[in-house]
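Student:
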Amino acid sequence: MRKPWLKRLAHASEPWLYSAPSLILIIAVMLVPLVVGISYAFRDIQLLNPFSGGFIGIEHFRDLAKDAAFYTALKNTLWWTGASVILQFFFGLFLALLLDKPFWGRGLVQALVFLPWAVPSFLAGLNWAWLFNPVIGPIPHWLFALGLMDQPGNILSDPRHAMWGPIVANVWWGIPFFAITLLAALQAIPRDLYEAASIDGANWFQRFRSITLPFLAPTIAITVLLRTVWISNFADLIVVMTGGGPADRTQIVASYIFTQAFKRLDFGYASAIALVLLVLLLVYSMLIILLRQTLLNKD
Amino acid sequence: MASIQIEKLEKSYGHVSVLHGVDLDIADGEFIVLVGPSGCGKSTLLRMIAGLEDVSSGEIRIAGNRVNDLHPKDRDIAMVFQSYALYPHMTVAQNMSYSLRLRNIAKDTIGSAVAAAASKLGLDPLLERRPKALSGGQRQRVAMGRAIVRQPKAFLFDEPLSNLDARLREQMRAEIKKMHGDLKATSIYVTHDQIEAMTLADRIVAMHGGVVQQIGSPLELYDRPANLFVAGFIGSPGMNFLAATYAGGSVRLADGTLVALETVPALADGESVTLGIRPEHVVIANDGSGMRAAVELVEPTGFGIILHLSLHGLPFKIFTLDREALNSGKEIGVRFPAQYLHLFGTDEQRIA
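Chains A and B are the protein sequences, given in the same order. Once you know that position 186 of the first sequence is 276 in the working numbering, the rest is easy, because the numbers rise by one and skip nothing. Once you know that position 295 of the second sequence is 415 in the working numbering, the rest is easy, because the numbers rise by one and skip nothing.
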């Protein structure tokens, strides 16, 4: 009787034993911090206050609902994400279409295009901050010479236009992602489809609309989704270039979390904001996935 | 429909020349097959007519108009691709109507053109399907439907049947022939399959190494091949070639046997020639006469029998309908009827 019982146990536990290493790793590295982080959102945790740490329920969320800076950050996040993704996408698509055409030295250019992606984000931020700085950077002087600026000032300290600084840096930094993924998708399109279409009488734009776009659509959907989530979470450039200033004009939710957590050292409140951002992004992703499913089912 | 003239057409990629001056006159309504082994330039020639490849030098005229510098879309031709090249995100009906929609033709005209082509090709029940829901043969039909809806000046076919299985290929071959009979459309068809070439063509253009080897009706190419290449390429199993020397109205084979010729060619005694004879024309001599050949392999095909022999130590083939050949021993006698002999000179050109 004992042997079959042991055997049954061994059989039942076999798959768990095989997957245990990765499961333990995932739980320890991902789930535990996530749960701890979520629990912070319902506790009063301030690094500078040794008596903090108690459970306070939804107190943080009540504060958040009344926090004008949070709403500004939410609006800025939309603006920052929207402008960055749209510009990155269109420049990336344009670049991919150019790189899809054979020309002398294409291999080298393709490698160079990938370069911004390889620059650490905070280095890119510092570089662009210097480029926008009229004391050492050329950009304000160029804009002034073109008549786009009254005087060669620093765009990053101009409350009305400060957001454009990080957006420009982000676009420069993010184009390669779109260019490379879209180029890969472009090169997977069979060439004879274009030949058939040109014999059928399609001009460049008609071929683009009826062959290139339908073939790129799934890639576009998934890359835009991914980039939107990444960029709305991406505070590096803003923290490095403006620190959310001037007067919170470039503060996005992610940089606001950073400010709350590491400048004010209020981990509880920062966790509450992070939880709200997480929920918003989950809702967004679900909507996109639903949209994709309905589009795919239509076929 | 239109005639097509090709004059001194050349194509080179950088320093690599792939077509060396092709001349071809295609009459209105003619079915021309370009045939040759891979890399002979036949597809390049077709793609140049379509406008998918630039012309390096020479001239292409469709219906009398020079089209060298016209875009494919302005040449008014239709092409069927080996891979079918159907638009995967369009239905069969949309695939077939695409060219007409691009020309802003009235909806009901398009509808009737598509319906007519679909019924001709038996595609009616499939019109709302996408290409990926079709079988290979059905896709092939859609590709042909896409070509015929707009009644172009000429049809170009680039190995359209090579992705189909043997049975379907036979069936589609017959359908293409029937369709050409109905439409009387000028057609240029590229293939490496000589059966397709023989069965479909009004005239065959045999190509090799970027040079046209012979232009003629299928039977001309079979009966009187212009050179060694055409002789070896047309016919299956391929023609047998034997090295020989001319000797006053006959040729002397390597072992000294004299083979009589039907006519007396203008050759000097002792000149070396190549003697060719098709496997189906060799006569097996059961009475002990003829040249002795060792039997190496017997291949029954059902319809006939292919005997692989060794004649004077060289490979030699016979195709016969006589079932007795299955029982041939280690050695048989063969005779070459004079009227079936082909004679080629040292320049590989036909002598007689």
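Quick reminder that beta carbons are idealized off the backbone N, C-alpha and C, glycines included.
Would you say A/G143 lies against chain B (beta-carbon separation less than 8 Å)?
Tutor: As a working mapping, residue 143 of chain A is identified with position 53 in the first sequence. False, the Cβ-Cβ gap to chain B never drops below 8 Å.
Student: Counting only Cβ pairs nearer than 8 Å, list the residues of chain A close to B/R223.
Tutor: Here residue 223 of chain B is taken as the residue at index 103 of the second sequence, counted from 1. The contacting residues are G291.
Student: Buried or exposed: which applies to B/D278, given that a residue is buried once 16 or more other Cβ atoms fall within 10 Å of its Cβ?
Tutor: Residue numbering aside, residue 278 of chain B sits at position 158 when the second sequence is read from its first letter. Buried, since its Cβ has 16 or more Cβ neighbours within 10 Å.
Student: Is the shortest distance between the beta-carbon of B/I425 and the beta-carbons of chain D less than 8 Å?
Tutor: This model lacks chain D altogether, as its protein chains are A and B.
Student: Comparing the C-beta of B/H191 with each C-beta of chain A, is any distance below 8 Å?
Tutor: Start at 1 with the first residue of the second sequence, and residue 191 of chain B comes out as number 71. Taking Cβ atoms only, chain A reaches closer than 8 Å to B/H191, which makes this a yes.
Student: What does DSSP give as the partner residues of B/T311 in its beta bridges?
Tutor: For the purposes of this step, residue 311 of chain B is identified with residue 191 of the second sequence, where counting begins at 1. Looking at the DSSP assignment, B/T311 forms a beta bridge with B/V155.
Student: So, is B/M292 buried or exposed, given that buried needs 16 or more other C-beta atoms within 10 angstroms?
Tutor: On the second sequence, position 172 is the one that residue 292 of chain B refers to. Its Cβ being crowded by 16 or more others within 10 Å, B/M292 is buried.
Student: Look up B/I182 in the DSSP assignment and give the residues it is bridged to.
Tutor: Here residue 182 of chain B is taken as the residue at index 62 of the second sequence, counted from 1. Looking at the DSSP assignment, B/I182 forms a beta bridge with B/I124 and B/N185.
Student: Could you spell out the range, first to last residue, of the beta strand (DSSP E) harbouring B/Q202?
Tutor: Translated into the one-based positions of the second sequence, residue 202 of chain B becomes position 82. Unbroken run through B/Q202: none, as it is neither H nor E.
Student: Report yes if the C-beta distance between B/M411 and B/T365 is below 8 Å; otherwise report no.
Tutor: Position 291 of the second sequence, counting from 1, holds the residue named residue 411 of chain B. Position 245 of the second sequence, counting from 1, holds the residue named residue 365 of chain B. Going by C-beta atoms, B/M411 is not nearer than 8 Å to B/T365.
Student: Locate the alpha helix (DSSP H) running through B/F353, then write down its first and last residues.
Tutor: To locate residue 353 of chain B, count along the second sequence from 1; it is residue 233. Element bounds for B/F353: L348 to F353.
Student: Hey, would you say A/F324 sits closer than 8 Å to A/A275, going by beta carbons?
Tutor: The sequence position of residue 324 of chain A within the first sequence is 234, counting from 1. The sequence position of residue 275 of chain A within the first sequence is 185, counting from 1. Cβ distance not < 8 Å, so A/F324 and A/A275 don't count as in contact.
Student: Under 8 Å, Cβ to Cβ, is there at least one residue of chain B near A/I310?
Tutor: Residue numbering aside, residue 310 of chain A sits at position 220 when the first sequence is read from its first letter. No, A/I310 does not count as interfacial toward chain B.
Student: If I follow the unbroken beta strand (DSSP E) through B/T365, where does it start and stop?
Tutor: Residue 365 of chain B sits at position 245 when you count from the first residue of the second sequence. That run of the beta strand (DSSP E) goes N360 to A367.
Student: What is the C-beta distance between B/S137 and B/G330, in whole angstroms, given that I count them as a contact (C-beta under 8 Å)?
Tutor: Against the second sequence, residue 137 of chain B aligns to sequence position 17. Against the second sequence, residue 330 of chain B aligns to sequence position 210. Confirmed, Cβ separation roughly 7 Å.
Student: Would you list the one or two residues that DSSP bridges to B/Y133?
Tutor: For this step, residue 133 of chain B is matched to residue 13 along the second sequence. Its beta-bridge partners are B/V136.
Student: Do you know offhand how far B/H312's Cα is from A/R299's?
Tutor: If you number the second sequence from 1, residue 312 of chain B lands on position 192. If you number the first sequence from 1, residue 299 of chain A lands on position 209. So the alpha carbons of these two residues sit roughly 35 Å apart.
Student: Do you know whose CA, among B/L417, B/H401, B/L381 and B/I425, lies nearest B/V454's CA?
Tutor: Here residue 454 of chain B is taken as the residue at index 334 of the second sequence, counted from 1. Measuring from the Cα of B/V454, the nearest candidate turns out to be B/H401.
Student: So that I know if they touch, is there some Cβ in chain A lying closer than 8 Å to that of B/M199?
Tutor: Start at 1 with the first residue of the second sequence, and residue 199 of chain B comes out as number 79. By this cut-off, B/M199 is an interface position.
Student: Looking at chain B, which residues of the segment 269–287 of chain A have a Cβ within less than 8 Å of any of its Cβ atoms?
Tutor: Correct list: P280, D282, L283, E285, A286 and A287.
Student: Mind checking who B/G257 pairs with in its DSSP beta bridge?
Tutor: Position 137 of the second sequence holds residue 257 of chain B. B/G257 pairs with nothing; no bridge assigned.
Student: Express the C-alpha separation of B/P272 and B/V175 in angstroms, rounding to a whole number.
Tutor: Counted from its first residue, the second sequence places residue 175 of chain B at position 55. Counted from its first residue, the second sequence places residue 272 of chain B at position 152. Their Cα atoms are separated by approximately 22 Å.
Student: How about B/H135: is its C-beta nearer than 8 Å to some C-beta of chain A?
Tutor: On the second sequence, residue 135 of chain B is found 15 positions in, with the first residue counted as 1. B/H135 does not count as touching chain A.
Student: Compile a chain-ordered list of the residues in the segment 294–309 of chain A whose CB is closer than 9 Å to at least one CB of chain B.
Tutor: So the list reads Q296, S300, I301, P304, F305 and A307, given in the order they occur along the chain.
Student: Find the nearest neighbour of B/P517 within the set B/I397, B/G171 and B/G408, judged by alpha-carbon distance.
Tutor: Residue 517 of chain B cannot be examined here, being either before or after the span of chain B that is shown, 121 to 472.
Student: How about A/I146 and A/F132: are their beta carbons less than 8 Å apart?
Tutor: The count along the first sequence starts at 1 and reaches residue 146 of chain A at position 56. The count along the first sequence starts at 1 and reaches residue 132 of chain A at position 42. Result yes, Cβ atoms of A/I146 and A/F132 sit closer than 8 Å.
Student: Among the residues of its own chain, which have a CB less than 7 Å from the CB of B/R372, if the five just before and after it don't count?
Tutor: On the second sequence, residue 372 of chain B is found 252 positions in, with the first residue counted as 1. Only A364, T365 and L378 meet the Cβ criterion.
Student: What do you reckon, are the CB atoms on B/L362 and B/L463 nearer than 8 Å?
Tutor: Here residue 362 of chain B corresponds to residue number 242 of the second sequence, with the count starting at 1. Here residue 463 of chain B corresponds to residue number 343 of the second sequence, with the count starting at 1. The answer is no: Cβ separation not under 8 Å.
Student: DSSP beta-bridge partners for B/K437?
Tutor: As a working mapping, residue 437 of chain B is identified with position 317 in the second sequence. Its beta-bridge partners are B/H428.
Student: Looking at A/L283: is its Cβ nearer than 8 Å to the Cβ of A/S375?
Tutor: Within the first sequence, the letter at position 193 stands for residue 283 of chain A. Within the first sequence, the letter at position 285 stands for residue 375 of chain A. Not in contact: A/L283 and A/S375 (Cβ atoms no closer than 8 Å).
Student: Can you pull the chain A residues whose beta carbon is under 8 Å from the beta carbon of B/S158, in chain order?
Tutor: As a working note, residue 158 of chain B is residue 38 in the second sequence. Under the 8 Å cutoff, chain A gives no residues; its nearest Cβ is about 18 Å from B/S158.
Student: In chain order, what residues of the same chain lie with their CB nearer than 8 Å to the CB of A/A287, ignoring the 5 residues before and after it?
Tutor: As a working note, residue 287 of chain A is residue 197 in the first sequence. The residues are Q296, R297, S300 and I301.
Student: Between B/A238 and chain A, is the shortest Cβ-Cβ distance under 8 Å, so that the two count as touching?
Tutor: On the second sequence, residue 238 of chain B is found 118 positions in, with the first residue counted as 1. Not one chain A Cβ lies under 8 Å of B/A238.
Student: So the alpha helix (DSSP H) A/T313 belongs to, where does it begin and stop?
Tutor: Taking the first sequence and counting its residues from 1, one reaches residue 313 of chain A at position 223. Start and end: L303 to S322.
Student: Closest Cβ-Cβ distance between B/H209 and chain A: below 8 Å?
Tutor: Position 89 of the second sequence, counted from the start, is the residue given in the question as residue 209 of chain B. Yes, B/H209 lies at the interface with chain A (some Cβ there is under 8 Å from its Cβ).
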